[in-house]
Every structure is written in C-alpha cells, then in structure tokens.
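Asker: Would you mind keeping the following structure in view while I ask a few things?
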Amino acid sequence: MMRYVFYFFTLVLSTNCYSQEITQTIKGKILDSESLQPLPGATIVILGTEPLKGCTSNSEGMFYLENVPVGRQTIRVNFIGYEPVTIPDIMVGSAKEVYLEIKLTESITSLNEVKVVASKKNKALNEMATLSSKSFSVEETKRYAASISDPGRMAQSYAGVTSSDDATNQIIIRGNSPNGLLWRLEGVEIPAPSHFAEEGYAAGFVSILNANMLSTSDFYTGAFPAEFNNAYSGVFDIRLRNGNSDRNENAFQFGALGTDLTTEGPFNKNSKSSYLINYRYSTLSILKKIGVDVMGDETPHYQDLSFKLNFPTKKAGTFSIWGIGGNSNTESADAIADSTLWNSWDSNKKDYFKTGMGAGGVTHFSHIGKESYIKSVLSVSGNYSQDNVFELNNDYILHKIYEDRFNNYALRFSSFVNRKFNSKLTSRFGFNYSYIGFNMMANERKSGKLESNINKKGNSWYYYVFNQNKYRLSKSITANFGLAYSYMNLGNSHSLEPKFAIEWSFTPKQSIGFASGIYSRHEELIAYFMSIPVNETEYSYPNKNLKLKKTAHFVLSYNNAIANNLMFKSEVYYQHLYNVPIAVNPNSTFSTISQKWDGWNSDSLKSSGIGRNYGIELTLEKSFSNSYYFMITASLFNSKFRAADMKWYNTQYNSNYAFNILGGKEFYMGSKNNKILGLNAKAVYAGGQRYTPIDKVATKEQERTIVVQKERFTKQLPHYFRIDVSASFRINRKNTAHIFSLDIQNATNRKNIQRNYYDFYNDEIRHIYNLGMVPVFNYKIEF
Numbered sequence: 043m044m045r046y047v048f049y050f051f052t053l054v055l056s057t058n059c060y061s062q063e064i065t066q067t068i069k070g071k072i073l074d075s076e077s078l079q080p081l082p083g084a085t086i087v088i089l090g091t092e093p094l095k096g097c098t099s100n101s102e103g104m105f106y107l108e109n110v111p112v113g114r115q116t117i118r119v120n121f122i123g124y125e126p127v128t129i130p131d132i133m134v135g136s137a138k139e140v141y142l143e144i145k146l147t148e149s150i151t152s153l154n155e156v157k158v159v160a161s162k163k164n165k166a167l168n169e170m171a172t173l174s175s176k177s178f179s180v181e182e183t184k185r186y187a188a189s190i191s192d193p194g195r196m197a198q199s200y201a202g203v204t205s206s207d208d209a210t211n212q213i214i215i216r217g218n219s220p221n222g223l224l225w226r227l228e229g230v231e232i233p234a235p236s237h238f239a240e241e242g243y244a245a246g247f248v249s250i251l252n253a254n255m256l257s258t259s260d261f262y263t264g265a266f267p268a269e270f271n272n273a274y275s276g277v278f279d280i281r282l283r284n285g286n287s288d289r290n291e292n293a294f295q296f297g298a299l300g301t302d303l304t305t306e307g308p309f310n311k312n313s314k315s316s317y318l319i320n321y322r323y324s325t326l327s328i329l330k331k332i333g334v335d336v337m338g339d340e341t342p343h344y345q346d347l348s349f350k351l352n353f354p355t356k357k358a359g360t361f362s363i364w365g366i367g368g369n370s371n372t373e374s375a376d377a378i379a380d381s382t383l384w385n386s387w388d389s390n391k392k393d394y395f396k397t398g399m400g401a402g403g404v405t406h407f408s409h410i411g412k413e414s415y416i417k418s419v420l421s422v423s424g425n426y427s428q429d430n431v432f433e434l435n436n437d438y439i440l441h442k443i444y445e446d447r448f449n450n451y452a453l454r455f456s457s458f459v460n461r462k463f464n465s466k467l468t469s470r471f472g473f474n475y476s477y478i479g480f481n482m483m484a485n486e487r488k489s490g491k492l493e494s495n496i497n498k499k500g501n502s503w504y505y506y507v508f509n510q511n512k513y514r515l516s517k518s519i520t521a522n523f524g525l526a527y528s529y530m531n532l533g534n535s536h537s538l539e540p541k542f543a544i545e546w547s548f549t550p551k552q553s554i555g556f557a558s559g560i561y562s563r564h565e566e567l568i569a570y571f572m573s574i575p576v577n578e579t580e581y582s583y584p585n586k587n588l589k590l591k592k593t594a595h596f597v598l599s600y601n602n603a604i605a606n607n608l609m610f611k612s613e614v615y616y617q618h619l620y621n622v623p624i625a626v627n628p629n630s631t632f633s634t635i636s637q638k639w640d641g642w643n644s645d646s647l648k649s650s651g652i653g654r655n656y657g658i659e660l661t662l663e664k665s666f667s668n669s670y671y672f673m674i675t676a677s678l679f680n681s682k683f684r685a686a687d688m689k690w691y692n693t694q695y696n697s698n699y700a701f702n703i704l705g706g707k708e709f710y711m712g713s714k715n716n717k718i719l720g721l722n723a724k725a726v727y728a729g730g731q732r733y734t735p736i737d738k739v740a741t742k743e744q745e746r747t748i749v750v751q752k753e754r755f756t757k758q759l760p761h762y763f764r765i766d767v768s769a770s771f772r773i774n775r776k777n778t779a780h781i782f783s784l785d786i787q788n789a790t791n792r793k794n795i796q797r798n799y800y801d802f803y804n805d806e807i808r809h810i811y812n813l814g815m816v817p818v819f820n821y822k823i824e825f
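Take 43 as the starting number for the sequence shown in the working numbering and just add one per residue.
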C-alpha cells in the first residue's frame, strides 16, 4: 500500500511546469426557473477577474465566456426583475468546456425594495421541492472520500442515510428498508442501477451510473413532491447531461472499478444536436484475460453502456434518446474435493451468480406558449438475476441444491404539463402508466430433489396521476401543495395522497419549514407470487391481493446561514407506515419493512402491519469555497414495526445513531496554477445493524437457518466505524487534462462485522466481516 502512495506522490512532485496560460470556455443557458423560458439579455460576469470578464445572454438565453483561466471560478448572473444568482467555485479544466444551465427566479417585490433572505445551498433542482431534499453535483460524487464516483455511496454521507455493508451501495433512509427508495432516470422509474443487485434488494457492488454521464441531480429523504410515485423512503432523481454541441471531446479512464471511454460531440453544429456515449468494462476481468489473475475464480466480470442523443428542433421541441444498461457475473471458488477439509458451510459448494439491468427511452420537451411547457417520456426497462448453487456429495459429485431466476420488465409512459401563471403561482399536472411483466422461478433441494418455491409468469399494471402547485405568499414564504392518486391492479389497491409543505424565512439568514404527505409503493413482484403447493401440479398464491404499502411523513426543519457558505440545518421527522405485509401466522414475526427479500419468502402475508420511524438530523456544512469544504452530520432515530403477534420489534435497520465527519482541501501548484492537488477524508461512526438469534437446535434438525421468531432483531452488532481517505491530482495542459486519484477505503483496516451465520460443520455461530482496507486507484485523461 505504501508503495502505491509513494509512486503517486512521486508522480505529483515530478510533473513539469508550463508557463503558458491555459484557458477554457464557460458557456450555458439562462432560464426562468418556473417556465423554463430562455432569458435574453441576462448579464453574466466572472467575479475576481481584472478587468472584469463578462457577457450577456443572446435571444435563445445562451451565453459564452471565452478565454477563462483554468482553475476555480465564480460567476454571477443578473437579470432585471429576477433574483440574482451566484455560482461559486466552478471547476474549469483545460480539456472540456464547462456548460451551465442556470435558472433564475422572478422577483415578487418592487424594484425599489431591497430584501435579502437566507440562501439555500445545494437546493433541489425541482422547483416544487421544499424540505428533505438536496441537489448534488458530479464533482461531489468524485470528491467525497469513499464515494468512488457512485451517487449511492456519496449519499451515505448525508444526514438520515446509513449503511453498514462495505461491499454494497445500499441506501437506508431514516431506518427504512433500501427497497423503499425510488430510482428515477430522466424523469421515469428504473430498476436499481447497480451491478450484482439481487432481486428484492435495491443494492449492488458497483454502480452502473457513470459519473462522466451525469448532470447535477436531486436526492430526497422524505416528504417529496407529488410527482414522485412508488416510493416511501426516498428518491434518487438522476439526470444525464447533454453532449457538447459545439466540439468533440473525449475521456479515457483506467482504474480498479473499470476501464471506460467517453466520447461526445455534435451531430450537426447548425442544429445543436449532440451525442454522449460511455462504455466500461471490468478492469479485473481484462487483467485476467491477459494472464494477470488478481482474484482467481472469484473475479467479478461486468460491463455497461450509457448514452444520450439530443436533438433540438425549431418548432417541435427537443427530443432525447437515452439509455443505460449493464450485465455482471461471478462465481465462487471451486468446491473442495476432500471431505476432511470441509470445515465451513461453503467448503463443498460452488455458486454461480449473474445479474443485469437496462433502461432506455425517448424524452420530448416542448414549450406551450410563453408560460407553459410539456415533458413526456416513453421508456422500457428490465432487470434480471440468476443464482445456481451446487454442493459436493460424499462421492464428490456436484448436485444442484438451489436455483433461482427472476426476470422483470416494464413499459412506462410519463407526461406532465407545467404552467407559470404569474411570479407567485406555478402548477404542474401529470400522470404515468406502467405495464409490468415478470417471469420468476426459485427451486430448493428438499428430500433429495429440487422442489419449487415460486414459479410464475405474468403481468400487472400500475398508474399514477398528480397535481403539484407552488405558491409564493411573499418574498419570504413559499408553500407547495398537491394531490396524487395511484392504483395497482394486483390487489385492486388504491391510494389517495395529499402533500403539503411550507417554508418561512423569518430573518435574512434563518428559516423554518413544515412538510407532510401520504406516499405509497407496491411490493416487489416476488412478494405477490410466492407459491404454496396444493398438489403435485397446482399451486396457490396467497399473497396476490396485497395492498399498496403506505406511509405518512411529517417533517419540521430549521435552517441557519451562519456565515457565507456555512449552513446549519436540522430536521425532526415522524413516519407512520401502514398496509405493511406481515406474516399471517401469529408465530411468525416476518415483515417486509424489517428486512430484505432473500430470493423468496415462504410466509403467507397480509397487509395489516404497521411501523413507525422517528428521529432528528443535524448538519453543519461548509460548501466548497476558498479551496476547502467540510460537513458534519448527526442522525438519531428509532425504527420499529408491529408483527402478527401485535408486539413491536426493531427493524433490521434500526441502528439508532450515525455520525459523519468529512472534508477536504485543494492546493494549487505550478507557475500558472495549472495543477490541483485534492485531499479528502471521512470518518463514520454508527450503530450496528440488528439481527435475530439463530435457533441452533432447529437449524441442525432442518438443515437450514431457523431464527428465534419472538426475538426478532432484539440483538445488535457492535458499532460500525471506519475512516476513508482520498487524494487526487489534476494536471491541466493545453487541450488535455490528466487526473490521478487514489481512494483508500477503511484506511485503518478495521474489521466491522457484517452479519452472523450458523456453521453446520463446527456447530457454532460465526461472523462474516466487512471489507478491510481497499485501495482504489484511477487514472483519467480528458482530450
């Protein structure tokens, strides 16, 4: 490890300096935040330049700032009748032009009235969002230690978000199951975009979302606007950026997480159409194929492709064709063909596992008059997972003891109309329809033969309509209110969902807010079609009539802009969950909010369970300025559910507390500041996940893990602690940039316990540990 660090900093210190000043272009578009109409004549200036460098937007709202020195720059935008906007510390590199889409809010005060209210850093891009929301940039996914350009891992640094599994990018929000999270891409629902994501478990090892493709996006942890459906814990609203419509640009990356190439440019400069494409392949798989075998049989193989094609037209609006997808597979080490060495549960087993997901669509955006626009998306998506487990018998012959195959696909159409009535009132009305197909199978070896646990093929459908409104009562008070209705044919389940939020800036630097709403989500399709054999050829499906799971959110917030770029934020929340599927059997304490689906579940379920989550979140954040940033978060919470025996139990994710401290600083080097060294660190201290004691006697008798039902999640793993550090070095040269990075996860090599299991061979409860120290090196060249 130290050898890699030495090589890294040797490269940093030995890089030649260039005296020629390197410049780049900042360009973009100025828009009205509500109607998205272009604003011609806006003034854009780069602060701190001598003489002051600036320009005005043209008739299409476009602006071009040329010959901007590389490094961090801050721009300010002014337009008569609108509130000014300042965007600090924009990274200007030497190889790629910077594109900014800047939205201005129309002022509701008279021109001679001067009133300043607290600025909300990282405010969600969605104008209908109020509380429990945050925008994040591509830079943040790369900057935060241990994020490794993965939005999911980056979000684990936020207040209210926890995870105690180093191997996955699972997102636990306020004690809810990871399955309560909605992933959206380009405005439409998609499957969890991760390699090695199991069915019924919204997490994987490596994100399919490539940071080179992303634009600034939004993340929500509760009480989100009415347009977001089929979610009860949070929302990741991901946006792909457009390719450069003026010139060709490329980037090549080689690192531990993959080798990939990104290319972008114009189809036709006159029409401003563009393309953006990225392809990535597992680096470890490449190395194995050329004879460098790092991990042996357990090498993870994966690849993914992302693209966005953008076609603006003069009269018909803008059309975008986009897509992401990837597949992955891995296998365990060979089973040991010597029974004297069978000293653990997996010694005589061989496992083959593969997954994949894909989503693509066509998006259309068009203005309707001067104050309205319509956005529509037609998409198709799908995901699959397949697992095959073999076991050596006493004759050393492999027999299949378990297999599953889960294939899902969906055809979706989503559309909404947004109208700005005046500077105070904006309304949005929309709907989406989903046609969902599935083909699911799971077999387990019992009594010497494979028996079916689930075997079903079919389809279902789900639709959702909503209205959301934003009303600015005054310069300092904004209210959002809406109503939504959802329906799913499985279970013939309906949900009427009112939403309301209000925020008041009662001083120039302080604000308070309140938000509430009803939210729903249908179960994973596997839950509806768990089968029970009636005879040798027929099965019953007792869970087919499960209702939509619902939750009521209540959030109270306080914000204080302590100083420039320094914000304190607190939120107190309560969630009441109902229509939660729980076991019919009063002796079972199973609930779908308390744990993940592990391939399949054999309990008959009913929608009569309830749950509750409550807590407080505190955040002190110094946004990036003056070459440094930091964030300190504290989350204290409780997450419980009521089972069939009418008793309350902890959920699996009720770790009770989580604390994060992270920060970093950049150092400029070289005679023209054309080199930037970035250092970042993060520390996490959190409660351990809950677990249920294993009934050793019953487990031995039935040869499968049996837990003590009445002690569901009464035990807790030791606290979780780790420190991550990272370093990056950017070298800006004319038309080219080199970026080296080294991310050391779990730098102290602490062995956090992930979970317990029963070892049949040694008749004891043993631990599975999280990852130790993991160095992740990456090199990128932009040209």
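All C-beta atoms, glycine included, are put in the ideal place defined by N, C-alpha and C.
1. Report, in whole angstroms, the separation of the C-beta atoms of Tyr-344 and Ser-370, which I expect to be a contact under 8 Å.
2. Please determine if the segment 511–524 and the segment 607–614 are in contact, where contact requires at least 3 C-beta pairs separated by less than 8 Å.
3. Could you pull the DSSP bridge partners for Arg-775 from this structure?
4. Tell me whether Val-597 is buried or exposed, calling it buried when 16 or more other Cβ atoms sit within 10 Å of its Cβ.
5. Taking 8 Å as the cut-off, does the segment 274–281 touch the segment 212–223 (at least 3 CB pairs, one atom from each stretch)?
6. Are the beta-carbon atoms belonging to Ser-669 and Lys-707 less than 7 Å from one another?
7. Going by the CB atoms, is the gap between Asn-531 and Ser-502 shorter than 7 Å?
8. In the DSSP assignment, find the alpha helix (DSSP H) that holds Glu-181 and state where it starts and stops.
9. Distance check for Ser-476 and Asn-587, CA to CA, integer angstroms please.
10. Could you have a look at Asn-254 and say whether DSSP puts it in helix, strand or coil?
11. Going by C-alpha to C-alpha distance, which of Gly-490, Ala-452, Arg-514 sits closest to Tyr-504?
12. Among Thr-65, Ile-86, Glu-102, Lys-95, which residue has its Cα nearest to the Cα of Pro-80?
13. Does the separation of the CB atoms of Glu-169 and Ser-75 fall below 7 Å?
14. CA-CA distance, Trp-546 and Gly-398?
15. Buried or exposed, going by whether 16 or more other CB atoms sit within 10 Å of the CB of Tyr-200?
16. Going by beta-carbon coordinates alone, are Leu-721 and Ala-789 separated by less than 7 Å?
17. Looking at chain B, is there any beta carbon in it that lies within less than 7 Å of the beta carbon of Leu-784?
18. Considering only their Cβ atoms, is the gap separating Ala-723 from Thr-204 smaller than 7 Å?
19. Between the segment 731–746 and the segment 790–805, are three or more C-beta pairs nearer than 8 Å?
20. If you compare alpha carbons, which of Leu-525, Gly-307, Ala-187, Val-622 is closest to Gly-472?
21. Can you have a look at Leu-567 and say buried or exposed, based on whether 16 or more other CB atoms are within 10 angstroms of its CB?
22. Between Ala-298, Lys-488, Lys-69, Arg-216, which lies nearest to Asp-785 when the distance is taken from Cα to Cα?
23. With a threshold of 16 other CB atoms inside 10 Å of the CB of Thr-693, please say whether the residue is buried or exposed.
24. Checking 7 Å against the spacing of the C-beta atoms, do Phe-432 and Leu-440 come in under that value?
25. Can you list, in chain order, the residues of its chain whose CB lies under 6 Å from that of Tyr-323, leaving out five sequence neighbours each side?
26. Nearest CA to the CA of Ser-287: which residue from Phe-542, Ser-174, Leu-351?
27. Consider the C-beta atom of Glu-92 and the heavy atoms of the ligand ATP; say whether any pair is separated by less than 6 Å.
28. Around the C-beta of Phe-782, are 16 or more other C-beta atoms found within 10 angstroms, so that it is buried, or is it exposed?
29. In the DSSP assignment, find the alpha helix (DSSP H) that holds Tyr-570 and state where it starts and stops.
30. How do the segment 369–384 and the segment 408–417 stand: do at least 3 beta-carbon pairs fall below 8 Å, yes or no?
31. Would you call His-237 buried or exposed, if buried means 16 or more other Cβ atoms sit within 10 Å of its Cβ?
32. Would you tell me roughly how many angstroms separate the C-alpha atoms of Gly-217 and Ser-99, rounded to the nearest one?
33. Keeping to the same chain, check which residues put their C-beta closer than 6 Å to that of Phe-672; ignore five residues upstream and five downstream.
34. Within this structure, are the beta carbons of Ala-197 and Ile-213 separated by less than 7 Å?
35. Measuring CA to CA, which of Asp-687, Ala-728, Arg-684, Ala-686 is closest to Thr-675?
36. Expressed to the nearest angstrom, what Euclidean distance is found between the alpha-carbon atoms of Glu-148 and Ser-408?
Answerer: According to the structure data:
1. 4 Å
2. no
3. Thr-778
4. buried
5. yes
6. yes
7. yes
8. 180–185
9. 18 Å
10. helix
11. Ala-452
12. Glu-102
13. yes
14. 46 Å
15. buried
16. no
17. Protein chains in the displayed structure number just one, and chain B is not present.
18. no
19. yes
20. Leu-525
21. buried
22. Ala-298
23. buried
24. yes
25. Thr-301, Gln-345
26. Leu-351
27. The ligand ATP is not part of the structure shown, which contains no ligands of any sort.
28. buried
29. 567–570
30. no
31. buried
32. 46 Å
33. Lys-664, Gly-705
34. yes
35. Ala-728
36. 21 Å
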